[in-house]
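Worksheet for the structure shown next.
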Amino acid sequence: MKDAKSKDLSELFNTITVRNVPADVDEAITRQAKAAGKSKSDFVQEFLTATFGDLIGNFIRTSELVALMDLEMARMAGTVLSEHVYDLEMTQAGHREFCRILGINSNDDLQRIMLAGMPYLQIRAGQLKGTDSLAKGNSLYAALLANAASRDEETVLALHRSLFNMIPEGTFQEMINELRKAMRMDAFEWSLI
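Right, here's the structure in full:
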């Protein structure tokens, strides 16, 4: 019985080997694992699982549509796209919040949101004019924001409180209402604030 259970678990996990890790990176991993009270193997496994278990991060890094629209958004904003592959605008926790608030469960959900949000990328690009560069994934973030704008006021406010609280409320409200106007929807009166 124990062997069958072990076999079932082993089918869920794979072993990988990483070679030629720079010495300074290895030392950083060693120090951080020690500080966390974990073995290097456990620490790296948790880090990889968190990074590659991130639905939005994975979609940003693999979607050809997002890559193409990121370039287009940078052009429309009059700036450049960051060259750093891992330079995402939001953290994994931020990505989980987007998923929770907007009910995103799969790549299909993200693809649908991205396609529906494409007509509004120019508006968001205009809102980002003057930035030095755009991080990869900004087109998806813009589509997610447009998706939220098409919903109810409570959802938009939850998004502001959780992910966009660094933007003053009035500015955020104007951004959302600009998107709603383009969608031919009534502006929010922001009665819940």
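For the sequence shown, our numbering gives the first residue as 280, with consecutive numbering after it. Built from N, CA and C at the ideal position, the CB exists for glycine as well.
What do you reckon, are the CB atoms on residue i and residue j nearer than 7 angstroms?
i: Ser-418; j: Asp-349; result: yes
i: Ile-402; j: Glu-362; result: no
i: Asn-386; j: Phe-338; result: yes
i: Leu-334; j: Ile-380; result: no
i: Leu-423; j: Leu-360; result: no
i: Ala-356; j: Ala-404; result: yes
Sorted by chain position, which residues of the same chain lie with C-beta nearer than 7 angstroms to residue i's C-beta, five sequence neighbours on each side aside?
i: Ala-315; result: Phe-322
i: Pro-398; result: none
i: Asp-411; result: Thr-358
i: Ala-461; result: Tyr-399, Ile-402
i: Thr-309; result: Lys-319
For residue i, is the classification buried or exposed, using 16 other Cβ atoms within 10 angstroms of its Cβ as the cut-off for buried?
i: Leu-327; result: exposed
i: Met-464; result: exposed
i: Gly-336; result: buried
i: Asn-293; result: exposed
i: Asn-426; result: buried
Under three-state DSSP, which class holds residue i?
i: Lys-460; result: helix
i: Asp-465; result: coil
i: Val-345; result: helix
i: Val-300; result: coil
i: Leu-291; result: coil
Under DSSP, the alpha helix (DSSP H) around residue i begins and ends at which residues?
i: Tyr-420; result: 417 to 428
i: Thr-434; result: 432 to 442
i: Gly-405; result: 400 to 406
i: Phe-326; result: 319 to 331
Take residue i and list the residues in its own chain whose beta-carbon comes closer than 8 angstroms to its own, dropping the five residues that flank it on each side.
i: Thr-378; result: Correcting the residue type first, residue 378 is Cys in the shown sequence and not Thr. Same-chain partners within the cutoff: Leu-334, Ile-335, Asn-384.
Sorted by chain position, which residues of the same chain lie with C-beta nearer than 6 angstroms to residue i's C-beta, five sequence neighbours on each side aside?
i: Val-345; result: Ile-339, Ser-418, Leu-419
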